[in-house]
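Asker: Counting from 1, position 61 in the sequence shown corresponds to residue 103 in our numbering; the numbering is continuous, with no gaps.
I have a structure I would like to understand better, so I am pasting it below and will then ask my questions one at a time.
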Amino acid sequence: LQEQDIRDIYTKYYQNNKFIRLLPPQSFPQTRWVKSSNFADINFSIDQRTRRVIVLGAIDNLIKGAAGQAVQNMNLMFDFDEDEGLKFFANL
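Here it is as structure tokens:
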């Protein structure tokens, strides 16, 4: 697989997820970009020597952690919008 093939797979898999952001090529997740938000920023690179895909991600564990999961699950259980109460933007 080539880098674009992997990017296409990630893009298709996460296309309907409101909180997963696949970053542009050569841009790697920073904790400050997700601080105080429910976002998970992800990206990858390919180690040319080993031909392994290295996946990197960043979350704010206070929001994307257990508390945020509880709110997101409650929203789904009660047919609220999945992002209700979770529409926070990172403090950049």
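Beta carbons are placed, not taken as given, at the ideal position from N, Cα and C, and that holds for glycine.
For I62, which residues of its own chain have a beta-carbon under 6 angstroms away from its beta-carbon, when the five flanking residues on both sides are left out?
Answerer: Mapped onto the sequence shown, residue 62 falls at position 20. Closer than 6 angstroms at the Cβ level, and outside the excluded window around I62, lie Y56, A82.
Asker: What number of angstroms, rounded off, separates the C-alpha of D173 from the C-alpha of E124?
Answerer: Examination of residue 173 is not possible in this model, given that the chain is present from 43 through 134 alone.
Asker: Give every residue of the same chain whose Cβ lies closer than 8 angstroms to the Cβ of N115, excluding the five residues on either side of it in the sequence, and list them in chain order.
Answerer: Position 73 of the sequence shown, counted from the start, is the residue given in the question as residue 115. Hits under 8 angstroms: none found.
Asker: Starting from R94, trace the beta strand (DSSP E) in both directions and tell me its first and last residue.
Answerer: Counting from 1 along the sequence shown, the entry for residue 94 is found at position 52. Taken as a continuous stretch (DSSP letters only), the beta strand (DSSP E) holding R94 covers 94-101.
Asker: Can you tell me where the beta strand (DSSP E) with R49 in it begins and where it stops?
Answerer: Sequence index remark: in the sequence shown, residue 49 carries index 7 (1-based). Note, R49: premise wrong, no beta strand (DSSP E); alpha helix (DSSP H) at 45-56.
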